[in-house]
Each structure stands twice: as structure tokens, then as C-alpha cells.
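Asker: Dumping the structure here so I can ask a few things about it.
Here's what the structure looks like:
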């Protein structure tokens with residue numbers, strides 16, 4: 001097991017790793033849409049989703065892989081009415097075949113944001 005860390009994403013809000021490599025799989029902890037340069041998040045859920053996926057991509061890059069290697073994702077929304085906006089941003093960021101995915105509504109997230117995403121990816125991208 002190997003820990004993945006990068007300064008290209010905001011620091012973790014709790015006692016967890018940004019990512020862990022186990023075997024040929026990268027497990028990325030839940031990321032949000034906070035911009036690492038400003039410490040702020042965009043207002044719209046679509047922009048938060050894009051920034052969230054950029055943060056995920058930075059951790060994957062630090063591990064030696066890319067979003068194309070994502071095999072599974074879990075999306076947490078604070079309002080399921082945002083589902084279509086999240087899908088639009090998700091579709092624009094990722095390419096087919098899309099990863100397996102679960103999307104659930106939660107009452108709130110650790111930060112006052114609208115979306116959090118966690119992924120698992122292959123190291124070799126196959």
C-alpha cells in the first residue's frame with residue numbers, strides 16, 4: 001500500500017489520505033470542488049463538479065494514471081435536483097466508456113458544498 005499526496009489539491013479535512021495505491025488500483029478519497037489556488041469553490045454545482053473532477057485528476061496524475069483509467073465513481077449530492085447539471089459536467093470531463101457509477105443524495109457534506117466524488121482507477125489504464 002502506498003499513500004498518494006499532492007499539493008495540487010486542497011488539504012484533507014480529516015485523518016485520511018488523498019489517495020491510496022493498493023496493487024494496481026488507485027483509491028481516491030472524496031474530493032470536492034474547492035480550487036486549490038484560491039481556497040474557494042464555484043457557486044454552481046456544474047462548476048463545482050468540474051473542479052472536483054480536476055482535483056481527482058490531480059491525485060490520479062500524482063499516482064501515475066489519468067481520468068481515462070477510472071473504473072468506478074461515487075457521486076454524493078446534497079440535492080438530487082442537481083443531477084442533470086452534474087451529469088452534464090461529468091459527461092464533458094470524462095469519455096466513453098464511462099466508469100461504473102453510483103449517485104446518492106446526502107443531507108450534507110463536511111464542507112458547505114454541493115457535490116463530492118470518490119473514484120477507483122487502474123494504474124495501467126487498461
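In the UniProt record's numbering, the protein residues as written are 1 to 126. The C-beta atom is built at its ideal place from N, Cα and C for all residues, glycine as well. The structure presented is a predicted model; accordingly, all values stated were derived computationally and were not measured.
Answer with buried or exposed for residue 60, where buried requires no fewer than 16 other C-beta atoms within 10 angstroms of its C-beta.
Answerer: buried
Asker: For residue 97, count neighbouring C-beta atoms within 10 Å of its own C-beta (all shown protein chains included) and say buried if the count is 16 or more, exposed if not.
Answerer: exposed
Asker: From the DSSP output, read off the bridge partner residues of residue 3.
Answerer: 20
Asker: What's the gap between the Cα of residue 94 and the Cα of residue 66?
Answerer: 10 Å
Asker: Please report the distance separating the alpha-carbon of residue 2 from that of residue 47.
Answerer: About 31 Å.
Asker: According to the neighbour-count rule (16 or more other Cβ atoms, all chains shown, within 10 Å of its Cβ), is residue 105 buried or exposed?
Answerer: Around the beta-carbon of residue 105, fewer than 16 other beta-carbon atoms lie within 10 Å, marking it exposed.
Asker: In or out: residue 40 buried (at least 16 other Cβ within 10 Å) or exposed?
Answerer: exposed
Asker: Just the Cα atoms here: how many angstroms apart are residue 69 and residue 107?
Answerer: 30 Å
Asker: In angstroms, rounded to a whole number, what distance separates the CA positions of residue 115 and residue 25?
Answerer: 23 Å
Asker: If you run the structure through DSSP and keep just helix, strand and coil, what is residue 47?
Answerer: helix
Asker: Here's a check: name, in chain order, each residue in its chain whose Cβ is nearer than 8 Å to the Cβ of residue 82, leaving out the five neighbours to either side.
Answerer: A distance below 8 Å between beta-carbons, with the five flanking residues on each side excluded, links residue 82 to the following residues of its chain, in chain order: 45, 114, 115.
Asker: Considering only C-alpha positions, which residue in the set 35, 6, 20 is nearest to residue 28?
Answerer: Comparing C-alpha distances from residue 28 to each of 35, 6, 20 shows the shortest one belongs to 20.
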